[in-house]
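Heads up, the working numbering is the position in the sequence shown plus 1, with the first residue counted as 1.
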Amino acid sequence: MINIKEINAKNSKSCYELDLKSIKHWNQNQWKNELEKDYVTAIGIYLNNSILGVCVFHKIYDEAEIRYLSVHPSYKRRGLGKKLIYKIFKECKNENIKRIFLEVSIKNKQALSFYDYLGFKTICIRKKYYKDGSDALLKEKKC
Ligand SMILES: CC(C)(COP(=O)(O)OP(=O)(O)OC[C@H]1O[C@@H](n2cnc3c(N)ncnc32)[C@H](O)[C@@H]1OP(=O)(O)O)[C@@H](O)C(=O)NCCC(=O)NCCS
């Protein structure tokens with residue numbers, strides 16, 4: 002059964018293990034540090050007891066920033082990413098957050114399609130932002 006719940010630093014190991022299978026964004030210490038921050042909210046999507054997706058976002062005043070989002074590679078394109086983001090949209094609405102931001106590489110075509118689908122708009126391009134020389138797109142969604 003699919004279950005979405007808030008997670009915290011106690012779940013940093015399972016987030017790290019999921020991330021290892023996906024985009025390898027943070028090491029285990031970075032996961033722990035990130036999930037310990039008081040302005041960070043993290044949500045996990047579970048099938049039984051296995052974590053299949055994670056979203057980490059920051060809430061500051063009336064704005065939020067998605068800092069991390071990924072779904073287990075074997076479970077992509079089954080609506081799990083959408084479920085996670087809709088949960089965040091709901092939470093942002095309840096807390097009167099006006100805008101959600103995120104940053105994504107221009108090379109990450111699947112993420113670009115996903116964020117287009119969800120109605121995020123590009124508001125700024127950061128040229129050669131990533132180590133591989135690719136541009137970053139700053140995207141925004143009004144709540
Ligand atoms: C981006 C990501 C989170 C999407 O999660 P997902 O669970 O696969 O996405 P969903 O199944 O909820 O897709 C919702 C819609 O987004 C779009 N979409 C998602 N993946 C897509 C792809 N590979 N190609 C084209 N469109 C895609 C589609 O419109 C899809 O709706 P549909 O399946 O009915 O056509 C997932 O691909 C992922 O984990 N990628 C690696 C990590 C990453 O790049 N994170 C973003 C960093 S900024």
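Idealized CB from N, CA, C, for every residue including glycine.
Note that the coordinates shown come from a computational prediction; the quantities given were computed from them, not determined experimentally.
Any heavy atom of ligand 1 within a distance shorter than 7 Å of the CB on N109?
If you number the sequence shown from 1, residue 109 lands on position 108. At least one heavy atom of ligand 1 is nearer than 7 Å to the Cβ of N109, so yes.
If you pair each beta-carbon of the stretch 35-42 with each one of the stretch 52-60, do three or more pairs fall below 8 Å?
Short answer: they touch.
So, are the CB atoms of Q29 and K14 less than 8 Å apart?
Walking along the sequence shown from the start, residue 29 turns up at place 28. Walking along the sequence shown from the start, residue 14 turns up at place 13. Yes; because the gap between Cβ atoms is below 8 Å, this pair is in contact.
Any idea what DSSP makes of G82, helix, strand or coil?
As a working note, residue 82 is residue 81 in the sequence shown. Helix, per DSSP.
For my contact list, E104 and A65 are in at a C-beta cut-off of 8 Å; report their separation, rounded to the angstrom.
Working through the sequence shown from its first residue, we reach residue 104 at position 103. Working through the sequence shown from its first residue, we reach residue 65 at position 64. About 13 Å separates the two Cβ atoms, so there is no contact after all.
Cutting at 7 Å between CB atoms, please list the residues of its own chain near K110, excluding the five before and the five after it.
Here residue 110 is taken as the residue at index 109 of the sequence shown, counted from 1. Contacts found: none.
Determine whether the beta carbon atoms of L139 and F102 lie at a separation below 8 Å.
Counting from one through the sequence shown, the residue named residue 139 turns up at place 138. Counting from one through the sequence shown, the residue named residue 102 turns up at place 101. Between L139 and F102, the gap from beta carbon to beta carbon is short of 8 Å.
Taking 7 Å as the line, does the beta carbon of S23 fall inside it for any heavy atom of ligand 1?
For the purposes of this step, residue 23 is taken as residue 22 along the sequence shown, with counting starting at 1. Correct: S23 has its Cβ closer than 7 Å to ligand 1.
Run of the alpha helix (DSSP H) containing V30, from where it starts to where it stops
Within the sequence shown, residue 30 is the residue found at index 29, counting from 1. Looking at the sequence shown, residue 30 is not Val but Asn. Per DSSP, the unbroken alpha helix (DSSP H) holding N30 starts and ends at 29-37.
Within this structure, are the beta carbons of K1 and L113 separated by less than 8 Å?
Nothing can be reported for residue 1, as the shown portion of the chain is limited to 2 through 144.
Along the chain, where does the beta strand (DSSP E) containing S15 start, and where does it finish?
To locate residue 15, count along the sequence shown from 1; it is residue 14. No beta strand (DSSP E) holds S15; the alpha helix (DSSP H) holding it covers 13-22.
Does the stretch 60-74 come into contact with the stretch 17-26, if we say contact requires no fewer than three beta-carbon pairs (one atom in each stretch) closer than 8 Å?
Touching, yes.
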